[in-house]
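See structure below.
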Amino acid sequence: MASSVFSRDGFFDEAHFWLNGYVNKQNCRIWSEANPQVHVETPLHPEKLTVWCALWAGGIIGLYFFKNDEGHNVTVNGDRYRAMITNFFIPELNNHAVQELWLQQDGATCHTARATVDLLKDTFGDRLISRFGPVNWPPRSCDLTPLDYFLWGYVKSLVYARGGEPLWINVPFFVKCSMRYRRAIK
Numbered sequence: 001m002a003s004s005v006f007s008r009d010g011f012f013d014e015a016h017f018w019l020n021g022y023v024n025k026q027n028c029r030i031w032s033e034a035n036p037q038v039h040v041e042t043p044l045h046p047e048k049l050t051v052w053c054a055l056w057a058g059g060i061i062g063l064y065f066f067k068n069d070e071g072h073n074v075t076v077n078g079d080r081y082r083a084m085i086t087n088f089f090i091p092e093l094n095n096h097a098v099q100e101l102w103l104q105q106d107g108a109t110c111h112t113a114r115a116t117v118d119l120l121k122d123t124f125g126d127r128l129i130s131r132f133g134p135v136n137w138p139p140r141s142c143d144l145t146p147l148d149y150f151l152w153g154y155v156k157s158l159v160y161a162r163g164g165e166p167l168w169i170n171v172p173f174f175v176k177c178s179m180r181y182r183r184a185i186k
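Quick note on UniProt numbering: the sequence shown kicks off at 1 and runs consecutively.
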């Protein structure tokens, strides 16, 4: 029974890839009796690429790169997020003939804007786990998705494996990483 329930769960989220090779270690903790005096300097606004994907038992939908019409990297806001859902995610989901998928997303502002939640409710009905959704995202809860605790770390380990040189992120490399992940979960 449990496997059939989890086969209908879908998670989606985005991750930032810093073009200067910086890795955000906000979830890394150092356990020590003495202060390790760790200090990392980073630029105030380094250039980054924001990548989105969905993960469910049937595989990965995506990767989607947030770029403007000129091809420049852009940050995610409610309008861009809804455009991605409407023009990319829903058509891709329909191509996979997924039935009764439950969708879970975190409480990011672009995810929880009223217009975004309404759009997702139109698609998923009561099968949406989200802040302000039919099934509310628990307050002060951590991001408990396989994307955050496996996929993004796996892809970043491949992307940043080149060392300290400036990072050039391109679509073919991400597709290659995605294909490696698809083989790993089968």
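Glycine is no exception: its CB is placed at the ideal position from the N, C-alpha and C atoms.
- With contacts defined by Cβ atoms closer than 8 Å, T109 and R82 do not form a contacting pair.
- For the set A113, N73, G78, Q104, the Cα lying nearest the Cα of D126 is the one of Q104.
- Contact annotation: the segment 31-38 does not touch the segment 64-76, with fewer than three C-beta pairs closer than 8 Å.
- Secondary structure of L44 (DSSP, three-state): coil.
- A straight line joining the alpha-carbon of P146 with that of C53 spans about 11 Å.
- Looking at H111, Y160, F150, K156, the one whose alpha-carbon comes closest to that of W137 is H111.
- Here D148 is actually not in contact with D9; their C-beta atoms are around 14 Å apart, not less than 8 Å.
- Here DSSP, grouped into helix, strand and coil, assigns W152 to helix.
- When the alpha-carbon of G107 is set against those of V51, V135, V98, G59, the nearest one is in V135.
- With respect to the C-alpha of D69, the residue from G59, I60, R80, G62 having the closest C-alpha is R80.
- A residue is called buried once 16 or more other Cβ atoms fall within 10 Å of its Cβ, and A15 is buried on that count.
- Take the alpha-carbon of G153 and the one of Y160: they are about 10 Å apart.
- D69 is not bridged by DSSP to any residue.
- Under the three-state reduction of DSSP, L49 is assigned to strand.
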